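A.B. asks:
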Amino acid sequence: MKTYKYPQSREIFERALKVIPAGVYGHLGPSNGCFIPVSAYPFYAKNAKGAYLWDVDGNRFIDYMCAYGPIITGYNNERVDNAAQKQRQDGDCMLLPSEKMVELAELMVDTVESADWAFFAKNGGDVTNLAILTARAYTNRKKIIKFNGGYHGVVQWTQSLGNPGIIEEDINNIISIDFNDINSFKDTVKKYKGQIACLIATPYHHPAMADNALPKKGYWKEIRDICTNEGIVLIIDDVRCGFRLDVKGSDYYYGFKADLICFCKSLANGYNISALCGQEFLKSYCSDVFYTGSYWLSAVPMAAAIENIKQMVEIDSANIVTKKGIKLTKGLEKVAIENGFNLIITGEPSMWYMRLDNDESGVIHQRWIAECVKRGVFFTSHHNMFINTMLSDEDIDFTLKVADKAFKIIRKENGG
Amino acid sequence: MIENSVLASINLFCVLRNLEDLVDLDERAKKIIADIDKTIKFNIPFMPEMYLKIKDNKIICVRDMKIYSDINLNFLNPTHLNLMIKGKSIPLPSRGFKELNFLTNEFKELTDILGEYLKPEKEKLLDREFNHISTTLSFYTAFFSVSEIANNDKLGIEIAKKMKNGVIKISIDNGPKITIRINNSIFKTTIEDSLDAVAFMDFDSLDTAGKILRSEIDAFTAIGSGKLAVSGRIPLIDNLNKLLRLVSIYLE
Chain A
169 MKTYKYPQSR EIFERALKVI PAGVYGHLGP SNGCFIPVSA YPFYAKNAKG
219 AYLWDVDGNR FIDYMCAYGP IITGYNNERV DNAAQKQRQD GDCMLLPSEK
269 MVELAELMVD TVESADWAFF AKNGGDVTNL AILTARAYTN RKKIIKFNGG
319 YHGVVQWTQS LGNPGIIEED INNIISIDFN DINSFKDTVK KYKGQIACLI
369 ATPYHHPAMA DNALPKKGYW KEIRDICTNE GIVLIIDDVR CGFRLDVKGS
419 DYYYGFKADL ICFCKSLANG YNISALCGQE FLKSYCSDVF YTGSYWLSAV
469 PMAAAIENIK QMVEIDSANI VTKKGIKLTK GLEKVAIENG FNLIITGEPS
519 MWYMRLDNDE SGVIHQRWIA ECVKRGVFFT SHHNMFINTM LSDEDIDFTL
569 KVADKAFKII RKENGG
Chain B
24 MIENSVLASI NLFCVLRNLE DLVDLDERAK KIIADIDKTI KFNIPFMPEM
74 YLKIKDNKII CVRDMKIYSD INLNFLNPTH LNLMIKGKSI PLPSRGFKEL
124 NFLTNEFKEL TDILGEYLKP EKEKLLDREF NHISTTLSFY TAFFSVSEIA
174 NNDKLGIEIA KKMKNGVIKI SIDNGPKITI RINNSIFKTT IEDSLDAVAF
224 MDFDSLDTAG KILRSEIDAF TAIGSGKLAV SGRIPLIDNL NKLLRLVSIY
274 LE
């Protein structure tokens with residue numbers, strides 16, 4: 169089993185460092201992306217198809233990050249790409265929106281259980297922010313509850329004090345509590361009675377660098393009831409989970425109804441679009457919010473989203489990725505045990521999080537991940553992974569062989 | 024925002040603390056303290072006392088315990104000390120009036136040498152040995168200051184609250200090693216290697232460490248280039264970087 173080298177990636181990176189802050193910034197970069205050690209990872213992609221990504225050095229990877237979530241029906245999905253191409257011939261960024269915008273909103277209202285309307289933007293953070301503005305416009309309240317470790321984007325209110333550029337005033341009205349702790353939520357609501365505009369939360373807790381947690385039985389129902397009784401807008405940030413658990417929305421999957429729900433990643437299988445959907449009573453408040461962007465009404469991503477949603481409904485994509493996720497994670501657990509390790513899997517199978525047990529610092533886990541990446545299986549050590557529908561049984565078998573080899577290497581390194 | 028009491032802590036326990044290492048690294052400093060046996064006490068209201076014990080060709084910085092002192096230097100408040108460090112004020116001695124010559128001569132020479140290394144002229148950094156000492160002392164100053172800021176600065180305390188108990192090891196390849204221990208959000212920096220670290224920050228060279236400490240390159244670029252490797256519990260490293268950013272504000 170050969171290990172990869174990345175001379176072209178490094179050469180491009182040297183050029184990048186001269187003209188781009190940090191070379192590659194953000195979550196795709198070696199720093200935020202936790203490329204540990206950086207020598208094990210490629211920096212630049214050449215092309216992608218199905219479940220695979222090829223880097224600029226020609227190395228093939230099974231992409232278990234799915235571009236950090238957007239790819240659900242496989243890279244360069246023909247149906248989605250054809251729909252996008254057809255729309256591109258008609259027009260994309262134009263003076264007026266296309267009919268596709270209405271068609272997509274109608275489709276989302278028909279598909280997403282809690283949606284009575286849809287507003288489109290580009291990134292997940294665009295719509296989580298719009299959700300906050302809408303909730304404040306509706307309630308005339310300032311405070312926002314979110315969960316410790318929850319990720320909702322990069323605008324000021326989502327960040328922590330101490331992050332460069334963030335000042336105290338940016339986060340004065342943000343209250344962070346622990347997920348799955350209903351008493352903490354009740355106490356907070358009581359303490360700030362009449363002041364809380366909204367709760368924003370992911371449908372289950374999937375922080376980076378920590379075990380993921382599914383909602384406790386009855387948790388969301390209690391939260392829903394309290395929000396309703398206290399006039400608090402319940403916002404579900406379904407940017408990461410959306411369509412991977414249920415095409416009707418992750419609130420539906422967990423048995424409750426959000427007031428506002430945010431989508432992005434899987435919506436258009438990699439085309440740049442996000443959506444805020446909501447219940448009827450919030451529609452006019454969303455209309456009132458001043459919010460727009462140069463490319464938010466572009467037609468190509470909307471055409472792609474329409475075709476992608478239709479496809480996800482037809483093939484029951486959530487079920488497919490869940491089954492593949494179960495098969496893969498069970499296999500990884502087994503391979504780990506065979507090599508004397510205990511792999512802890514948390515979260516939902518289609519977007520699982522994993523870490524090695526008895527590895528206090530996480531260094532052994534980081535070594536194992538690096539050995540997998542060097543052999544064509546792109547996992548990350550700090551973040552949940554993702555499954556797309558194009559992942560085959562052969563890909564899973566290959567992954568398990570690579571995982572086995574990587575475990576053997578780190579077992580030897582650790583005196584096993 | 025710079026808090027004067029935090030800056031005074033940094034000046035005392037991180038900047039002046041470097042005298043311990045200076046006399047090992049610099050021949051001039053070593054000669055100055057040869058045969059000197061004196062202890063200086065720095066006394067600032069509402070701050071821990073610090074003693075500089077000079078004996079047997081060594082300087083030891085003593086904190087959190089009382090020892091005999093030959094010279095007591097009193098300061099009205101933290102600002103008073105900070106002004107003295109800038110050379111804009113003088114302390115109020117209350118013991119050791121006979122030793123004032125030592126303060127104005129040998130001790131001043133020592134602190135002047137320290138200043139040369141901590142605020143280096145660019146041309147001097149071209150000298151390999153000077154660069155080595157300058158970067159080593161700056162490295163110590165920065166990571167000792169991390170603990171002062173995490174323990175005392177308002178924003179530093181907020182960042183520290185998010186950091187779980189654990190040990191961070193910061194090392195320079197073929198160079199000094201620092202350990203920061205975090206226990207219930209209280210930080211303690213020591214110059215030592217550690218076997219129980221759970222987070223690691225490894226500079227590939229003194230040159231890289233120097234460039235990062237002088238803000239000539241950023242940590243993200245250094246990580247991408249493989250000049251700075253981080254591993255283990257990344258949240259500890261992420262927050263350490265936030266504290267280091269505050270260090271640079273204090274030491275500007």
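Protein chains in written order, with this note's numbering: chain A, 169 to 584; chain B, 24 to 275. Even glycine gets a Cβ: it sits at the ideal position worked out from N, Cα and C. Remember, predicted model here, so these are calculated numbers, not experimental data.
1) Could you check whether the Cβ of Phe166(B) sits closer than 8 Å to any Cβ belonging to chain A?
2) Using the rule of at least 16 other Cβ atoms within 10 Å of the residue's Cβ for burial, across every protein chain shown, is Ala57(B) buried or exposed?
3) May I ask you to list the residues that DSSP assigns as paired with Arg523(A)?
4) Using a threshold of 8 Å, state whether the C-beta atoms of Ser238(B) and Ile195(B) are closer than that.
5) Just the chain B side, please: which residues come within less than 7 Å of Gln534(A) by C-beta, in chain order?
6) Taking only three categories from DSSP, how would you classify Met88(B)?
7) Is there at least one Cβ from chain A nearer than 8 Å to Gly178(B)'s Cβ?
8) The alpha helix (DSSP H) that contains Arg237(B), what's its start and end?
9) Name the residue from Gly255(B), Gly179(B), Pro199(B), Arg256(B) whose alpha carbon lies nearest to the alpha carbon of Ile272(B).
10) Quick one: give me the first and last residue of the beta strand (DSSP E) that Leu115(B) is part of.
11) What three-state label does DSSP hand Gly255(B) in the structure shown?
12) Can you name the residues that DSSP bridges to His373(A)?
13) Could you check if Asn507(A) is buried or exposed, using at least 16 other CB atoms within 10 Å of its CB as the buried criterion?
14) Would Glu181(B) pass as a contact of Ser32(B) if the rule is Cβ separation under 8 Å?
15) Could you give the residue range of the beta strand (DSSP E) that holds Tyr220(A)?
16) Under a three-way DSSP split, which group does Lys311(A) fall into?
17) Val169(B) CB to nearest chain A CB: under 8 Å?
18) At a CB distance below 9 Å, what residues from the stretch 220-231 of chain B approach chain A? Give them in sequence order.
19) Kindly indicate if chain B contains any beta-carbon less than 8 Å away from that of Met377(A).
20) Got a sec? Which residues, its chain only, sit under 7 Å from Ala235(A) by beta carbon, not counting five neighbours each side?
21) Any idea what DSSP makes of Asp58(B), helix, strand or coil?
22) To be precise: take each residue of the stretch 193-218 of chain A, compare its Cβ to all Cβ atoms of chain B, and keep it if any distance is under 9 Å. Which residues remain?
23) Which chain A residues sit within Cβ distance under 9 Å of Asp23(B)?
24) Do you know offhand how far Gly259(A)'s Cα is from Ala467(A)'s?
25) Whose C-alpha, out of Gly399(A), Ile400(A), Ile513(A), Ser418(A), is nearest the C-alpha of Val407(A)?
26) Spell out a yes or no on whether the stretch 38-49 of chain B and the stretch 568-579 of chain A are touching, meaning 3 or more CB-CB pairs, one atom from each, closer than 8 Å.
C.D. replies: Judging by the given coordinates:
1) Here residue 166(B) corresponds to residue number 143 of the second sequence, with the count starting at 1. No, its Cβ sits nowhere closer than 8 Å to a Cβ of chain A.
2) Your numbering for residue 57(B) matches position 34 in the second sequence. By the neighbour-count rule (16 or more Cβ atoms within 10 Å), Ala57(B) is not buried but exposed.
3) Walking along the first sequence from the start, residue 523(A) turns up at place 355. Arg523(A) pairs with Ile512(A).
4) Taking the second sequence and counting its residues from 1, one reaches residue 238(B) at position 215. Taking the second sequence and counting its residues from 1, one reaches residue 195(B) at position 172. No, they are not a contact pair.
5) Within the first sequence, numbered from 1, the residue matching residue 534(A) stands at position 366. The answer, in chain order, is Ser254.
6) Within the second sequence, the letter at position 65 stands for residue 88(B). DSSP places Met88(B) in coil when its eight states are reduced to three.
7) Within the second sequence, numbered from 1, the residue matching residue 178(B) stands at position 155. Reading the sequence as shown, one finds Leu at residue 178(B) and not Gly. Chain A, which has a Cβ nearer than 8 Å to the Cβ of Leu178(B), makes this yes.
8) The residue given as residue 237(B) occupies position 214 in the second sequence. No alpha helix (DSSP H) holds Arg237(B); DSSP gives it neither H nor E.
9) Sequence index remark: in the second sequence, residue 272(B) carries index 249 (1-based). The candidate whose alpha carbon is nearest that of Ile272(B) is Gly179(B).
10) As a working mapping, residue 115(B) is identified with position 92 in the second sequence. That run of the beta strand (DSSP E) goes 115-118.
11) Looking up residue 255(B) in the second sequence gives position 232. Gly255(B): strand per DSSP, three-state reduction.
12) Working through the first sequence from its first residue, we reach residue 373(A) at position 205. Beta-bridge pairing links His373(A) to Ala381(A).
13) As a first step, residue 507(A) is located in the first sequence; it is residue number 339 there, counting from the start. So Asn507(A) counts as buried.
14) Within the second sequence, the letter at position 158 stands for residue 181(B). Within the second sequence, the letter at position 9 stands for residue 32(B). No, the Cβ-Cβ distance between Glu181(B) and Ser32(B) is not below 8 Å.
15) On the first sequence, position 52 is the one that residue 220(A) refers to. Taken as a continuous stretch (DSSP letters only), the beta strand (DSSP E) holding Tyr220(A) covers 220-223.
16) What you label residue 311(A) is simply residue 143 of the first sequence in a count that begins at 1. Note: Lys311(A) maps to strand in three-state DSSP.
17) Counted from its first residue, the second sequence places residue 169(B) at position 146. For Val169(B), the answer is no, since every Cβ of chain A falls outside 8 Å of its Cβ.
18) Ala220, Val221, Ala222, Phe223
19) Translated into positions along the first sequence, residue 377(A) becomes position 209. Yes, Met377(A) counts as interfacial toward chain B.
20) As a working mapping, residue 235(A) is identified with position 67 in the first sequence. Closer than 7 Å at Cβ, skipping near neighbours: Gly438.
21) By 1-based counting over the second sequence, the position of residue 58(B) is 35. In the structure shown, Asp58(B) sits in coil (DSSP, three-state: anything other than H, G, I, E or B).
22) Tyr193, Gly197, Pro198, Ser199, Asn200, Cys202, Phe203, Ile204, Pro205, Val206, Ser207, Phe211
23) Any property of residue 23(B) remains undetermined from this structure, which presents chain B solely from 24 to 275.
24) The residue labelled residue 259(A) in the question sits at position 91 within the first sequence. The residue labelled residue 467(A) in the question sits at position 299 within the first sequence. When rounded, the distance between both Cα atoms is 7 Å.
25) The sequence position of residue 407(A) within the first sequence is 239, counting from 1. For the residues Gly399(A), Ile400(A), Ile513(A), Ser418(A), the minimum Cα distance to Val407(A) belongs to Ser418(A).
26) no
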